[in-house]
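Just below is one structure, and these are the notes that go with it.
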Amino acid sequence: MPVLQEMKQATAKADGNPTEVTASQHVTSIADQAAAATQSTTISGNETEAASPVFDKSKITVIFVLGGPGVGKGTQCEKLVQDYGFVHLSAGDLLRAEQARPGSEFGEMISRYIREGLIVPQEVTIKLLENAMRDALSKEPPVSANSSSREGWEGGRGRFLIDGFPRKMDQAVTFDTQVCESTFILFFSCTEEVMLERLMERAKTSGREDDNQESILKRFRTFTETSMPVVNYYREQNKVVEVDAKDTIDGVYAKVKVAVEKSLAAKHQ
Ligand SMILES: Nc1ncnc2c1ncn2[C@@H]1O[C@H](COP(=O)(O)OP(=O)(O)O)[C@@H](O)[C@H]1O
Ligand SMILES: O=c1ccn([C@@H]2O[C@H](COP(=O)(O)OP(=O)(O)O)[C@@H](O)[C@H]2O)c(=O)[nH]1
275 MPVLQEMKQA TAKADGNPTE VTASQHVTSI ADQAAAATQS TTISGNETEA
325 ASPVFDKSKI TVIFVLGGPG VGKGTQCEKL VQDYGFVHLS AGDLLRAEQA
375 RPGSEFGEMI SRYIREGLIV PQEVTIKLLE NAMRDALSKE PPVSANSSSR
425 EGWEGGRGRF LIDGFPRKMD QAVTFDTQVC ESTFILFFSC TEEVMLERLM
475 ERAKTSGRED DNQESILKRF RTFTETSMPV VNYYREQNKV VEVDAKDTID
525 GVYAKVKVAV EKSLAAKHQ
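With positions in the sequence shown counted from 1, the corresponding number in the numbering used here is that position plus 274.
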């Protein structure tokens, strides 16, 4: 029997699939708590205006980078940063940093959601992203290693790769309407077998509390049930650029470069 199928059967027997129950029991109160708490200075920054986006989409380029756990989103983003001077913001990394921040009132909650492979209430993640974008825009533009050009950052402009976000419909709608409308979505597709193999390899060195068999299966399930509807929502808007990720890192990147250059050119027409 394939490894993945075997793991799924074993986990289904062991836990009787309690994931969604746990989530629905907690999500409302935690979301309320997070929404209330973001008013405080813990995750500081101006409050998001309900009416108009915080950032001007004619100046700011936001590429959402989506795909299943371990598909290679972070790996490809690093390469794009080198070549094009994007600012790479990984929603997962921002959450893990907040989780580890001494005194964070969200630390325990974030840890629980990540272990369960569930999506942290949007208020927390969006505020972290918004603050990180503002921070990047207030600094000197990045100069990419492979080019001295600051193209894309002149006159208060900015280019962001937002990696691993949005993973749930509410996040997609809130970010697009209240923070900045995304330019396009770079979506990496791959089988679960390949993603599992990559994650088990990463697990040897990542130190991540969700790079284990049980959490990985929960993350796969959340991806299929909660995050794929986001990809399909953007597909209907013709905003998705899909790249097959089962090739080598450089093989995938060759396709990514073509796709990104084409989509950026279309934005600037
Ligand atoms: N195309 C690829 N082929 C083989 N291994 C890859 C490929 N892309 C990424 N990896 C490896 O797979 C693991 C997961 O990649 P990562 O970029 O962290 O994924 P994600 O950000 O989507 O979770 C890492 O150990 C990475 O080095
Ligand atoms: O917008 C986001 C992005 C990530 N996560 C959480 O962070 C985990 C790890 O996400 P990351 O993108 O770092 O890793 P991946 O699962 O893609 O390997 C996810 O399973 C979620 O629990 C979240 O709640 N909201």
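Every residue gets a Cβ at the ideal spot worked out from N, C-alpha and C, and that includes glycine.
Would you grab the beta carbon distance between Y387 and A446 for me? Rounded to a whole angstrom, and I think it's under 8 Å.
No, Y387 and A446 are not in contact; Cβ-Cβ is about 18 Å, not under 8 Å.
Three-state secondary structure (DSSP) at F545?
A question about residue 545 goes unanswered here, because the residues of the chain that appear run from 275 up to 543.
Nearest neighbour of E488, chosen from F338, S480, R389 [CA to CA]
Of the candidates F338, S480, R389, the one whose C-alpha sits nearest the C-alpha of E488 is R389.
So F497 and P343 are supposed to be a Cβ contact under 8 Å. How far apart are they, rounded?
Between P343 and F497 the Cβ distance is about 6 Å, and since that is below 8 Å, they are a contact.
Cβ pair M383, V453 closer than 9 Å
no
Could you spell out the range, first to last residue, of the alpha helix (DSSP H) harbouring E475?
466-480
Residues of its chain near K520, where Cβ-Cβ distance is below 6 Å and the 5 sequence neighbours each way are ignored:
C464, V468
Distance check for G348 and M474, CA to CA, integer angstroms please.
16 Å
Measuring alpha carbon to alpha carbon, tell me which of T500, Q511, S385, R424 ends up nearest D357.
Minimum Cα distance to D357 is reached at R424.
Work out the CA separation of I400 and L435 for me, nearest whole Å.
14 Å
When we look at the beta-carbon of P376 and count the other beta-carbons within 10 Å, is it buried (16 or more) or exposed?
For P376, the number of other beta carbons within 10 angstroms of its own is below 16, and it is reported as exposed.
At least three beta-carbon pairs within less than 8 Å, the region 406-421 to the region 351-371:
yes
Alpha helix (DSSP H) runs contained entirely in the region 380-463, provided each spans 4 or more residues:
381-389, 396-412, 443-448
Do you know offhand how far S314's Cα is from V505's?
In this prediction, S314 has a pLDDT of 37, which is less than 50 and means its spatial position is unreliable; nothing more can be read from the coordinates.
If you compare alpha carbons, which of V336, V515, I490 is closest to R472?
I490
Should I337 be counted as a contact of ligand 2 given a C-beta to heavy atom distance under 8 Å?
no
Could you check where the alpha helix (DSSP H) with E535 kicks off and where it finishes?
523-541
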